[in-house]
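Written below as structure tokens is the structure these notes are about.
Number of protein chains: 2
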Amino acid sequence: MKNEEYEDSQLYKIRHTASHILAMAAHEFDPEVKFAIGPPIENGFYYDFEFSKPLTEDDLGTLEKSMSKIIQANLAVKHEMLSHKEGLTRIEKEDQPYKVELVEGIEDEKLGFYTIDWFSDLCKGPHVSSTGEVKAFKLLSVAGAYWRGDEKKAMLTRVYGTAFGSKKELDAHLAQLEEAKKRDHKKLGPQLDLFLFSELVGAGLPLWTPKGNILRQTLDDYVWSLRVKKGYQKVEIPHIAKSDLYKKSGHWDKFQEDLMKIETREGHTFVLKPMNCPHHTQIFARKSWSYRELPQRYANTTMVYRDEQTGELAGLSRVRSITQDDAHVFCRPDQVKDELLAVWDIVSELYAKVGFKDLSVHLSFRDPNQPDKYLGEARVWQKAEAELEQLAKQKNANYVVSPGEAAFYGPKVDFMARDSLNRQWQLATIQLDMNLPERFDLNFINSEGKEEQVIMIHAAIMGSIERFLSVLIEHYAGDFPLWLAPVQAKILPISEKFIDYGQAVATELANLGVRFELDDASETLGKRIRNAENQKVPFVLIVGEKEVADKTVTVRSRGEVEQKTVKLTELGNVFSIK
Amino acid sequence: MKNEEYEDSQLYKIRHTASHILAMAAHEFDPEVKFAIGPPIENGFYYDFEFSKPLTEDDLGTLEKSMSKIIQANLAVKHEMLSHKEGLTRIEKEDQPYKVELVEGIEDEKLGFYTIDWFSDLCKGPHVSSTGEVKAFKLLSVAGAYWRGDEKKAMLTRVYGTAFGSKKELDAHLAQLEEAKKRDHKKLGPQLDLFLFSELVGAGLPLWTPKGNILRQTLDDYVWSLRVKKGYQKVEIPHIAKSDLYKKSGHWDKFQEDLMKIETREGHTFVLKPMNCPHHTQIFARKSWSYRELPQRYANTTMVYRDEQTGELAGLSRVRSITQDDAHVFCRPDQVKDELLAVWDIVSELYAKVGFKDLSVHLSFRDPNQPDKYLGEARVWQKAEAELEQLAKQKNANYVVSPGEAAFYGPKVDFMARDSLNRQWQLATIQLDMNLPERFDLNFINSEGKEEQVIMIHAAIMGSIERFLSVLIEHYAGDFPLWLAPVQAKILPISEKFIDYGQAVATELANLGVRFELDDASETLGKRIRNAENQKVPFVLIVGEKEVADKTVTVRSRGEVEQKTVKLTELGNVFSIK
């Protein structure tokens, strides 16, 4: 099913209009205010202002009151198109320097304006037709933001808000924000002892504890178990390469600022890898390939590095060392469809396994009117795009096609899904690539004995394991399912007398391959049970006099009030991990 | 059993004298020759010369003839000690500028000289008492070498040779060298498609193919299977850290030249990690520990980086990206012995598994006369050293104690073993460390409720996986045992008609967890069998009409002439991997 784009939705219009209403309220608060920009964003909207007096979060109530009045008045939202000259004249009259700068940067002949009452704003739209359609809104926070995102330009005040078509939807969203705050992975991570940051190591460089590493490895092993069935093989590469590799790949010219560079004592320039594809091309290029030997599918979970600015870093969501569960497939054009299908299967299985819902895909195609912008033959593009859309239909997927959003080197598929908080995430991506095979001269001998260029498919499944885990920790609120839980069981002997029997239970669990801890600390049983609960351990196994006598274990399941007694020899049933 | 040091052995003296005899022969070849240095080395000796006319490997026969004469003459080797001034005078008379430079650099009051016939050489010895004791020798190669290893100084000519106490030993060694050349991992690596180097990625940065990665991973998984029984846990870290981490650890001051440094856009200095211990200290330091919670044992197979000079690189033996199967144990002083015992077990098991023989250990202790040179309390050192030697005895190990060879921060155990070519390698190392716990303030609360410093144990088992594999490839000559072989079986259908049945065999092998390839290429069966043999695949499974009819497989084992017929349902017996 082909989906509506957010940009075309009623919700988008509501939020867009809400941002204009916010601007009117800001003007009421400070008649000297200068307006910058005010777009809708994923979960709401913002507007950037230059105030002549300070605005704090305490003032948001005042702004909300002004906004409510404008909404209750149900004022019409009028659209008009002016010539560039007329538009500029109008803006200049209003003493709005940021708007003047915006207009001067626009090359279109016509400029759109949306007007509510006295407030006319340069804007492409779309908007709702009257302010009454903004049924529910809420201002959320105040932050600083550089004009045009440039730290050398003026610091403006950004007001964030959200709006919905009904109060019910707004309330659900606010409740979700509240819940998300409680589940914040930046809090849960240290609390569950999963990862840490060290000032000496540096910001944005997470260190993974034994428990956190079990999460990483268990997820990665699961993805690998799906990949191995599809014929993938693992390769390994160093985290650096000479700058020559990235000059040839094109990354040097495009991303030089983001690259971490090393000057060696001999005067070579090495680069800490920003992605793995160039290294993998070199593994593929080690020999000549027959059409019978393709596809070659190389998987490699490894870190890449970005020279992010400190201010941009956020927990695991944005880091400087990013672990990708990366893979590159080198195949013939006639194998692209089957390979995509295989990746699609893997993505669906993983998302289902972790309980993400509403899988949908976003197909980024080329702009058919500008064929010169793209590398590779038109017929290869057409075939690839047709196959992608066919695949989406075949898979009964919700999908959106965005012409003109492909990279110059190939079309792309983004997989989106919703977590338990109903937040939509873009995680896995498949990218077709005709550029690197051209740059690195990656060929095979086809059935007619001629050299032909391979197509390269980039397919990370979790994408960044750090970002994936930031979502997953919040999705599960740290209550990981049994298969993923770093500690699956805690053994609690009631007193020191029963530690020996606790050890026997431990041996049994070790034989079953269960990840457990034996907590024989000299604390009270109650405290140890609470501790296990705080650590969100799925099963607590209590052993005392009765259990020793009967060769049993008393099992408390996470979240369940009732305990049950299980024979030591039947513990396997408790942990039959699905 | 406490072993003799090589430096004290007769063999060492023989080689040392042989190098002086070589110098005499060089003088006969070129009376203008200038002498630099001529020490014994691990498997022989060398001498560095500045010749006035070129010397090539074709001239080695001439030198050998001169040497044989000197040996047959059985000339006495006389030792004398001169005062520094007398020695300098003697050397200056001889117009030997390198020797003058050497003497000028020596601060001792007395200088040793060894004289054979007319040739008197500045030398600490020891030597044999007459040239006739050099029973067997051979000159091996000629190479360039910078004076004092400094590329800004003169390029000298180095002549390598070897010598033994008997012709039989020499012949065995030469046969071994010949065999080693055939097994050279730099040749076998690409031939067996295990690893490659790319000019674009850079020298010393190996890329691991699917097959090579199976070797790495299988070995690493095996070491992990041993470690997990000893209570180790895996952690994970980024490959960079701020320079602050290495300033605190002390590596910055000591190894700054070898470090690969990165300047970020914000002006921070990051370092590509040269070792993992500083990162691991930060994981340990995340919380405070009770004595009951120790040891904490962190294992982490990950790469470290050294800014090696291009000229020093050699295949996998010396690389810029080094994968260490590293581990750090943080324990109480009273736990050191058990932890060492555990590591010892792991090392012995691995060495036995890969068939290394004659495990021996080298204990590096402090110099008891210079207690101030070492960090940490004397009683802790005494206890640790006593425990190490006790352990060596308890394990019935061949061991050597070297007082004064410990690092300032703790005693060390090196494990040596011989491969199938009888070459001795130093691979695993255990290092006790009282320095990093002090620098990073790593403590635990002891049973009396007081803070006490932990002891850190560094324990890589394979050490560098690259170097370990360079040895292992040559040790096995690429004929890896079944458990390690990247491809354990090749299925060869006699003709296209039997590919379907080949697929059925493949399914069976997949279910058995066997690593296989189905070679249905359109080449002759003979060629495919030879190809499998060249690839040193342990089992070749041939299927044709008879096999289809009988539901069997014809099995050829590597190195065996006779084939045998095995039922499809009984293939598991062939692959019962030990």
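These protein sequences, in sequence, are chains A and B. The first sequence lines up with residues 7 to 584 when you count with this note's numbering. The second sequence lines up with residues 7 to 584 when you count with this note's numbering. Virtual Cβ for every residue (Gly too), placed ideally from N, Cα, C.
Query, Result
"Closer than 7 Å to chain A by CB, P45/B", "no"
"Cβ-Cβ distance between I268/A and F261/A below 7 Å", "no"
"Check: A512/B C-beta below 6 Å from any heavy atom of the ligand SAM", "Here there are no bound small molecules, and the ligand SAM is not part of this structure."
"Same chain, Cβ closer than 7 Å to I289/B, five either side skipped, listed in chain order", "V241, Y304"
"Chain B within 7 Å of K584/A, Cβ atoms only", "Residue confidence is low: K584/A scores 42 on pLDDT, short of 50, so the model does not pin down where it sits. Its coordinate-derived value is still stated next. It does not: the Cβ of K584/A has no partner Cβ on chain B nearer than 7 Å."
"Three-state class that DSSP yields for H286/A in the structure shown", "helix"
"Which listed residue (L475/A, V460/A, K557/A) has its alpha carbon closest to that of G508/A", "K557/A"
"Of the residues E184/B, R372/B, V419/B, the one placed nearest A412/B, counting alpha carbons only", "R372/B"
"Whole runs of the alpha helix (DSSP H) within the stretch 280-359 of chain A, excluding any shorter than 4 residues", "283-290, 342-359"
"Collapsed DSSP secondary structure at S172/A in the structure displayed", "coil"
"Contained alpha helix (DSSP H) runs [length at least 4] in the stretch 141-185 of chain A, N- to C-terminal order", "none"
"Members of the stretch 307-322 of chain B near chain A, C-beta cut-off 8 Å", "M309, Y311, D313, Q315, T316"
"Any C-beta of chain B under 7 Å from that of D351/A", "no"
"Inter-stretch contact (C-beta, 8 Å, three-pair minimum) for the stretch 194-207 of chain A and the stretch 242-255 of chain B", "yes"
"Nearest neighbour of S58/A, chosen from N428/A, H33/A, I548/A [CA to CA]", "H33/A"
"L117/A (DSSP reduced to helix, strand or coil)", "strand"
"Which listed residue (G93/B, S136/B, E100/B) has its alpha carbon closest to that of I76/B", "S136/B"
"Interface positions of the stretch 265-282 of chain B facing chain A (Cβ-Cβ less than 8 Å), listed along the chain", "M266, K267, I268, E269, T270, R271, E272, H274, F276, L278"
"The stretch 237-252 of chain B: positions lying closer than 8 Å to chain A by Cβ", "Q239, K240, V241, E242, I243, P244, H245, I246, A247, K248, D250, L251"
"Distance between beta carbons of D54/A and A151/A, contact taken as under 8 Å", "6 Å"
"Minimum Cβ-Cβ distance from F581/B to chain A less than 7 Å", "no"
"Under 7 Å (Cβ pairs) to chain A, residues found in the stretch 182-208 of chain B", "L202, S204, L206, V207, G208"
"Contacting residues, own chain, Cβ-Cβ under 8 Å from V367/B (five flanking each side not counted)", "A398, A403, N404, Y405, V406, V419, D420, F421, M422"
"Limits of the unbroken alpha helix (DSSP H) element including N219/A", "216-235"
"Strand pairing of F55/B, partner residues [DSSP]", "F41/B, T163/B"
"Option in I500/A, L319/A, W350/A with minimal Cα separation from R534/A", "I500/A"
"Neighbourhood of K130/A by C-beta distance below 6 Å, restricted to the same chain and skipping five residues each side", "G118"
"Span separating the alpha-carbon of E86/B from that of H26/B", "15 Å"
"Of the residues L221/B, G469/B, M30/B, Q569/B, the one placed nearest V83/B, counting alpha carbons only", "M30/B"
"Status (buried if at least 16 other CB within 10 Å, exposed otherwise) for K584/B", "Because the pLDDT at K584/B is just 42, under 50, the model does not fix this residue reliably, and the value given afterwards should be weighed accordingly. So K584/B counts as exposed."
"Touch test, the stretch 480-495 of chain B against the stretch 517-527 of chain B, Cβ-Cβ under 8 Å, three pairs minimum", "yes"
"8 Å CB neighbourhood of K379/B in its chain, flanking five on each side removed", "R372, D373, F414"
"Beta-carbon proximity of G382/A to M309/A, cut-off 7 Å", "no"
"Where Q400/A falls, given that 16 or more other Cβ within 10 Å makes a residue buried", "exposed"
"Interface residues of the stretch 406-417 of chain A facing chain B [CB-CB below 9 Å]", "none"
"Enclosing alpha helix (DSSP H) for R534/B [first to last residue]", "531-540"
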